[in-house]
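S.K.: Before I ask anything, let me first share the structure, which is written out below as structure tokens.
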Amino acid sequence: MSSCVYSGAGAGSGSGGAPGDGEVPGAQDGEVLDGNVGMMYADYLQLDKVLSAQRMLSDTADEHLFIITHQAYELWFKQVIFELDAVRDMFNTEDLVLDETRSLEMLRRMNRIVLILKLLVDQVMILETMTPLDFMEFRKHLSPASGFQSLQFRLLENKLGVRQEYRVKYNQNYAAVFGGDAAAVEAIERSEREPALAELVQRWLERTPGLEAHDFDFWGRYRAAVQTMLEDQRRDAEAQATAAGRARALADWQRRAAELRSVLSPEAHAALVSRGERRFSLRALQGAVLITLYSDQPRFSQPHQLLTTLTDIDSLITKWRANHVLLVQRMIGSAQLGTGGSSGYQYLRSTLSDRYKVFLDLFNLSTFLIPRRYIPPLSEGMRSRLSVAPPPPPPTGDDDDDNDDTPLDARCPASPAATAAAAAAAAAAPEP
């Protein structure tokens, strides 16, 4: 990156002075300044196609709003998929090792997805300005079209990691839903074969530094800390003044102990995974607990932020589903079938369950956290590993201005005004 304040001859000062003082003639008049006719705004965005894509099937004004809103959804779905594919590529390296120097870029893209999803959640409110009677005027023209036929939303779900075995069964297969569109079916099947973000995150968590038994052995230390905490809590429960209070406190303690022991036992964890109540491998879950408990360490700061954005994405998609369910109930009630042949409201409501939460384990992670006073202290070696951020990428050559020994005034071109002033001063100087 250049360290020059001024860069590029011909740029104006923006101060409103005369053209000779750096202001480019015609700059405020919409003229093509370099003499070359480039691509215009409408051509670049292909607005002729975008703005002519609203084909109404009725005379109802709200149909126009309905079409525009859903087209906007599809455009944003496309952007989310674009960002999601980029993040998956960063995770899915040949050696399955995440390049930590790209963590900031990954976070930027993940946060962009979060902001887009927030926009989509709020966008439902625009559709709520329709009345059920107005919607009824054009709904008859929609069948058999259905939101279930959104190819991009299905791709988005698959790329995140919604598993087929957890989906609510629908009365149409892929070929029927997409009207025999072979390309759409192939895209869906490919998205099911490729590693989803959830799978890639699991691989990454399994490699969290500090899990190795021969090193810091976090899980061994965590197990001992949990046992100490449970023993302290049991003594506190038994010390309750009344029999009723003691019984209630001991019942709460037993539930808490059972929850924590379920993550300490590989067999108990495997049983929960087989029932769909947990998703990550035990080692990946251990990595998530480790990152969360020591999130104040520099090395774990960005990984912790990444885990937070994953739960944000899951949460926002659930909120979007919930808003959609309420909108459908408001517009067609809870008994009518959907235009695509589904049970409508009943089908959509069933998608709000934990079956559709991709990062369910991250939502439940607080179950396995322990108070700070019980968190095992870091060893000197582990503290050293976590206090050092990943090394920056090597310099790329000519772009590394900070290592350039050339004087700054020789590297930075002078502005036109400065050049003119220097020439005038030289002309006015007396002859030697």
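Just so you know, we're using the UniProt record's numbering here: the sequence shown kicks off at 1 and counts up by one.
We treat Cβ as the ideally placed atom computed from N, Cα and C, and that holds for glycine.
None of the values given here were measured: they were computed from a predicted structure.
Does the Cβ of residue 202 have 16 or more other Cβ atoms within 10 Å, making it buried, or fewer, making it exposed?
M.R.: Residue 202 sits at position 202 when you count from the first residue of the sequence shown. By the 10 Å Cβ count, residue 202 comes out buried.
S.K.: Identify which residue in 39, 140, 177 and 228 has its Cα closest to the Cα of residue 57.
M.R.: Taking the sequence shown and counting its residues from 1, one reaches residue 57 at position 57. Measuring from the Cα of residue 57, the nearest candidate turns out to be 140.
S.K.: Roughly how many angstroms lie between the CA atoms of residue 401 and residue 166, to the nearest whole one?
M.R.: Locating residue 401 in the sequence shown gives position 401, where the first residue counts as 1. Locating residue 166 in the sequence shown gives position 166, where the first residue counts as 1. Low confidence applies here, because residue 401 scores a pLDDT of 47, under 50, leaving its location unreliable; read the following figure in that light. If I take the Cα positions, the gap works out to 53 Å.
S.K.: Report yes if the C-beta distance between residue 361 and residue 278 is below 7 Å; otherwise report no.
M.R.: Taking the sequence shown and counting its residues from 1, one reaches residue 361 at position 361. Taking the sequence shown and counting its residues from 1, one reaches residue 278 at position 278. It is a contact, given that the beta carbons lie within the stated cut-off.
S.K.: Does at least one heavy atom of the ligand NAD sit under 6 Å from the Cβ of residue 38?
M.R.: Inclusion of the ligand NAD in the displayed structure is not the case, the ligand content being empty and no account of it being possible.
S.K.: For residue 162 and residue 347, which I take to be in contact (beta-carbon distance under 8 Å), what is that distance rounded to the nearest angstrom?
M.R.: For the purposes of this step, residue 162 is taken as the residue at position 162 of the sequence shown. For the purposes of this step, residue 347 is taken as the residue at position 347 of the sequence shown. About 15 Å; that fails the 8 Å criterion.
S.K.: Can you list the beta strand (DSSP E) stretches of 3 or more residues lying completely in the segment 135-164, in chain order?
M.R.: Entirely contained in the segment 135-164, not one beta strand (DSSP E) run reaches 3 residues.
S.K.: Using DSSP with H/G/I as helix, E/B as strand and the rest coil, what is residue 381?
M.R.: As a first step, residue 381 is located in the sequence shown; it is residue number 381 there, counting from the start. Reduced to three states, the DSSP call for residue 381 is helix.
S.K.: Closest to residue 52 by CA distance: which of 71, 60, 332 and 385 is it?
M.R.: As a first step, residue 52 must be located in the sequence shown, where it is residue number 52. Among 71, 60, 332 and 385, the Cα nearest to that of residue 52 belongs to 71.
S.K.: Return helix, strand or coil for residue 362, following the three-state DSSP convention.
M.R.: On the sequence shown, residue 362 is found 362 positions in, with the first residue counted as 1. Reduced to three states, the DSSP call for residue 362 is helix.
S.K.: Mind checking residue 266: buried by the 16 CB within 10 Å criterion, or exposed?
M.R.: Within the sequence shown, the letter at position 266 stands for residue 266. Looking at its Cβ environment, which holds fewer than 16 other Cβ atoms inside 10 Å, residue 266 is exposed.
S.K.: Can you tell me whether residue 3 is buried or exposed? The criterion is at least 16 other CB atoms within 10 Å of its CB, across all chains shown.
M.R.: The count along the sequence shown starts at 1 and reaches residue 3 at position 3. For residue 3, the predicted structure reports a pLDDT of 46, less than 50, and the residue's modelled location is therefore unreliable. A value from the coordinates is still provided. Burial call: exposed.
S.K.: Starting from the C-beta of residue 205, find all residues in its chain whose C-beta is less than 6 Å away, skip the five residues before and the five after it, and write them out in chain order.
M.R.: For the purposes of this step, residue 205 is taken as the residue at position 205 of the sequence shown. Once the five neighbours on either side are set aside, the close Cβ partners of residue 205 are 284, 287 and 288.
S.K.: Closest to residue 250 by C-alpha separation, out of 132, 256 and 237, would be which residue?
M.R.: Along the sequence shown, read from residue 1 onward, the residue named residue 250 stands at position 250. Nearest of 132, 256 and 237 to residue 250, Cα basis: 237.
S.K.: Pick helix, strand or coil for residue 97, following the three-state DSSP scheme.
M.R.: In the sequence shown, residue 97 corresponds to position 97, counting from 1. Three-state result, residue 97: coil.
S.K.: By the 10 Å Cβ neighbour count, where 16 or more other Cβ atoms means buried, how is residue 309 classified, buried or exposed?
M.R.: Looking up residue 309 in the sequence shown gives position 309. Classification of residue 309: buried, given that the 10 Å Cβ count is 16 or more.
S.K.: Could you tell me the alpha carbon to alpha carbon distance between residue 403 and residue 123, rounded to whole angstroms?
M.R.: If you number the sequence shown from 1, residue 403 lands on position 403. If you number the sequence shown from 1, residue 123 lands on position 123. The pLDDT assigned to residue 403 is 48, lower than 50, so where the model puts this residue is not dependable, and the model offers no usable value.
S.K.: So residue 99 packs on residue 90, CB below 8 Å; how close in whole Å?
M.R.: Indexing the sequence shown from 1 puts residue 99 at position 99. Indexing the sequence shown from 1 puts residue 90 at position 90. Going by Cβ atoms, the distance from residue 99 to residue 90 rounds to 7 Å, so yes, they are a contact pair.
S.K.: Roughly how many angstroms lie between the CA atoms of residue 307 and residue 136, to the nearest whole one?
M.R.: Here residue 307 is taken as the residue at index 307 of the sequence shown, counted from 1. Here residue 136 is taken as the residue at index 136 of the sequence shown, counted from 1. Each residue's alpha carbon lies about 43 Å from the other.
S.K.: If I follow the unbroken alpha helix (DSSP H) through residue 120, where does it start and stop?
M.R.: Position 120 of the sequence shown holds residue 120. Start and end: 103-127.
S.K.: By Cβ distance, which residues of its chain are closer than 6 Å to residue 434, with the 5 residues on each side in sequence left out?
M.R.: The structure shown has nothing for residue 434, since the chain only spans 1 to 432.
S.K.: Closest to residue 60 by CA distance: which of 351, 130 and 256 is it?
M.R.: Translated into positions along the sequence shown, residue 60 becomes position 60. For residue 60, the nearest C-alpha among the options comes from 130.
S.K.: Could you spell out the range, first to last residue, of the alpha helix (DSSP H) harbouring residue 266?
M.R.: Position 266 of the sequence shown holds residue 266. 266-274 is the extent of the alpha helix (DSSP H) around residue 266.
S.K.: Assuming residue 67 is part of the alpha helix (DSSP H), what are its boundary residues?
M.R.: Residue 67 sits at position 67 when you count from the first residue of the sequence shown. Residue 67 -> alpha helix (DSSP H) spans 61-91.
S.K.: Tell me the DSSP secondary structure of residue 371 in three-state form.
M.R.: Taking the first residue of the sequence shown as 1, we reach residue 371 at position 371. Reduced to three states, the DSSP call for residue 371 is coil.
S.K.: Give every residue of the same chain whose Cβ lies closer than 6 Å to the Cβ of residue 103, excluding the five residues on either side of it in the sequence, and list them in chain order.
M.R.: Position 103 of the sequence shown, counted from the first residue, corresponds to residue 103. 302, listed in sequence order.
S.K.: With DSSP collapsed to three states, give me the class of residue 210.
M.R.: Taking the sequence shown and counting its residues from 1, the one referred to as residue 210 is at position 210. Coil at residue 210, not helix or strand.
S.K.: With residue 195 and residue 92 assumed to form a contact (beta carbons below 8 Å), what rounded beta-carbon distance in angstroms separates them?
M.R.: In the sequence shown, the residue the question calls residue 195 occupies position 195. In the sequence shown, the residue the question calls residue 92 occupies position 92. The Cβ separation is near 6 Å, so the contact holds.
S.K.: Roughly how many angstroms separate the alpha carbons of residue 254 and residue 213, rounded to a whole number?
M.R.: The sequence position of residue 254 within the sequence shown is 254, counting from 1. The sequence position of residue 213 within the sequence shown is 213, counting from 1. Looking at the two C-alpha atoms, the distance is approximately 29 Å.
S.K.: Have a look at residue 332 and residue 118 and give me their C-alpha separation to the nearest angstrom.
M.R.: For the purposes of this step, residue 332 is identified with residue 332 of the sequence shown, where counting begins at 1. For the purposes of this step, residue 118 is identified with residue 118 of the sequence shown, where counting begins at 1. Each residue's alpha carbon lies about 25 Å from the other.
S.K.: I'd like to check one pair, residue 376 with residue 257: are the Cβ atoms closer than 7 Å?
M.R.: As a first step, residue 257 is located in the sequence shown; it is residue number 257 there, counting from the start. As a first step, residue 376 is located in the sequence shown; it is residue number 376 there, counting from the start. Contact flag unset, no.
S.K.: Look at residue 367 and residue 259 and say whether their C-beta atoms are less than 7 Å apart.
M.R.: As a position in the sequence shown, residue 367 is number 367, starting the count at 1. As a position in the sequence shown, residue 259 is number 259, starting the count at 1. Yes, the pair counts as a contact, with Cβ atoms nearer than the cut-off.
S.K.: Looking at residue 83 and residue 112, is the spacing between their C-beta atoms short of 7 Å?
M.R.: Position 112 of the sequence shown, counted from the first residue, corresponds to residue 112. Position 83 of the sequence shown, counted from the first residue, corresponds to residue 83. For residue 112 and residue 83, yes; Cβs fall inside 7 Å.
S.K.: Which residue's Cα is closest to the Cα of residue 371: 222, 305, 55 and 275?
M.R.: Position 371 of the sequence shown, counting from 1, holds the residue named residue 371. If we check each option's Cα against that of residue 371, 222 comes out closest.
S.K.: Jot down the residue ranges of each uninterrupted alpha helix (DSSP H) in the segment 177-260, minimum 4 residues, whole runs only, in chain order.
M.R.: The qualifying runs are 182-193, 197-206 and 218-238.
S.K.: Taking only three categories from DSSP, how would you classify residue 302?
M.R.: To locate residue 302, count along the sequence shown from 1; it is residue 302. In the structure shown, residue 302 sits in a helix (DSSP, three-state: H, G or I).
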